[in-house]
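S.K.: For the sequence shown, our numbering gives the first residue as 884, with consecutive numbering after it.
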Amino acid sequence: MKHPLLFLLAGTMLCVLGCGKSQTSSSASSSSSTSAASKGTIGVSLLTLDNPFFKVIGDTIAAEGIKNNYQTIVVSADKDVAKQSNQIKDFIVKKVSAIVLSPCDSKAIVPVIQEANKAGIPVFTVDIPCSEPGVKIVTQVATDNYGGGKEAGRAMIEALGEAGGKVAVLHFKQAETCLLRVKGFHEVIDEYNKTAAAKINVVTELESGGAKDMGYKAAEDSLQAHADLRGIFAINDPAALGARAALEKAGKADQVVIVGFDGQPEGKQAIKDGKIYADPIQFPDEMGIKIVMAIEQHSKGETLPLEMLIPTRLYRKADAQADPELK
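(1) Could you pull out every residue in the same chain whose Cβ sits closer than 6 Å to the Cβ of I1159, ignoring the five residues on either side in sequence?
(2) For I1011 versus A1058, is the C-beta spacing smaller than 8 Å?
(3) For R1196, report the span of its beta strand (DSSP E) as first-last.
(4) In the DSSP assignment, find the unbroken beta strand (DSSP E) run with T1008 in it and report its ends.
(5) Could you tell me if T1078 is buried or exposed, where buried requires 16 or more neighbouring beta carbons within 10 angstroms of its beta carbon?
(6) Relative to the C-alpha of K978, which residue among K922, E1131, K1049 and A1080 is closest?
(7) To the nearest angstrom, how far is it from the Cα of S1182 to the Cα of S980?
(8) Could you say which of D1120, K1155 and S985 lies nearest to G1146 if we only look at CA atoms?
(9) Decide if G1044 is buried, meaning its Cβ has at least 16 other Cβ atoms within 10 Å, or exposed.
(10) For H1054, name the three-state secondary structure that DSSP assigns.
(11) For N1028, which of helix, strand or coil comes out of DSSP?
(12) Assuming I975 is part of the alpha helix (DSSP H), what are its boundary residues?
(13) Measuring only the C-alpha atoms, how far is S1053 from G1184?
(14) Could you have a look at D1104 and say whether DSSP puts it in helix, strand or coil?
(15) What do you get for I940, buried or exposed, if any count of 16 or more other CB atoms within 10 angstroms of its CB means buried?
(16) What's the C-alpha gap between G1098 and A1051?
(17) Would the segment 1023-1043 and the segment 1062-1073 be scored as touching if the rule is three or more Cβ pairs under 8 Å?
(18) When the Cα atoms are used, what is the spatial distance from V957 to D933?
(19) What residues in its chain sit with their C-beta under 6 Å from that of A1042, if we drop five residues either side in the sequence?
(20) What distance in whole Å lies between the Cβ atoms of I1193 and T1022, which are believed to be in contact at a cut-off of 8 Å?
(21) From V983 to L1197, what does the alpha carbon distance come to, in whole angstroms?
(22) Is the Cβ-Cβ distance between M1039 and F1116 less than 8 Å?
(23) With T955 as the anchor, note down where its beta strand (DSSP E) starts and where it stops.
(24) Identify whether D1202 lies in helix, strand or coil by the three-state DSSP scheme.
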């Protein structure tokens, strides 16, 4: 028969081992939360969260932030500069570790970025740049919008063929990204026209707001002014889808080809269904990943390039038909 003291010692040892394991787990959890707190919060103000493109950026930044022990606050500026300015001021008051913006208006947002600069909070821009003098932006992570605009121009030439014709541009001049897209588009069309037998003429540029309802109205106005319109370049998928609805209502869906921009799921589905000819597609998830990576690098004192551009890829019907994510 074993001595009772041995049972007591064994029990004590088991308790110590068990309690030790539990304490380690608790310490790791506490250490994790302390680490998260030490890295602080990333304040993110995006142009809009109604557009799925920006929602993917926001969701990816939040997910990558968690992986890197940052908390995130993601808010929608709703294309309102005053609202975005107040959001940034709130981030400054909260003393966030970094601010990420897709500016509603690159010029009008300058004063509040300067406030963040004075507060010593690093500012990063995503998708829409702010290249104005007097502000300090750590880096800009964006699509190569100029290159994407060139791809859109080539897609329009391909879609119209040798017949050429009149084209409308559905713009969003408030966003610098869209200015770059339209610039690239024009340059390719202008170069093509130097040697083309039948030219492609951009006959109108109308404001689309980057939204379905305004895209619909802009396309409707374009058709009323130019009944023989043959092409529409819309600066994003919502505007392109609005334009398509206007063409269908006017009975001109077979007459006018649409080239969009973005590669949102709804836009890709429209390409598969033959409603949009092609899109230079963007990769918003890559933007979110690169932004958090840039914040991490900057926090370690690393020097970053002023701009990190992600190339687009032209997405046509053949791509859509082979896309497993579409129905």
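Built from N, CA and C at the ideal position, the CB exists for glycine as well.
M.R.: Taking the coordinates as given:
(1) A1123, I1141, G1143 and A1153
(2) yes
(3) R1196 to Y1198 is the span of the beta strand (DSSP E), which, as asked, contains R1196.
(4) V1006 to V1009
(5) exposed
(6) Selected option, being the one with the closest Cα: K922.
(7) In this model, S1182 and S980 are separated by some 9 Å (Cα to Cα).
(8) D1120
(9) exposed
(10) strand
(11) Note: N1028 maps to helix in three-state DSSP.
(12) V964 to V976
(13) A quick correction: the sequence has Leu, not Ser, at residue 1053. Spanning the alpha carbons of L1053 and G1184 requires a straight line of approximately 42 Å.
(14) D1104 falls in the helix class under three-state DSSP.
(15) buried
(16) 11 Å
(17) yes
(18) Looking at the two C-alpha atoms, the distance is approximately 13 Å.
(19) V1140 and Y1160
(20) That belief does not hold up - the Cβ atoms of T1022 and I1193 are roughly 13 Å apart, past 8 Å.
(21) 28 Å
(22) The answer is yes: Cβ separation under 8 Å.
(23) Q954 to S959
(24) helix
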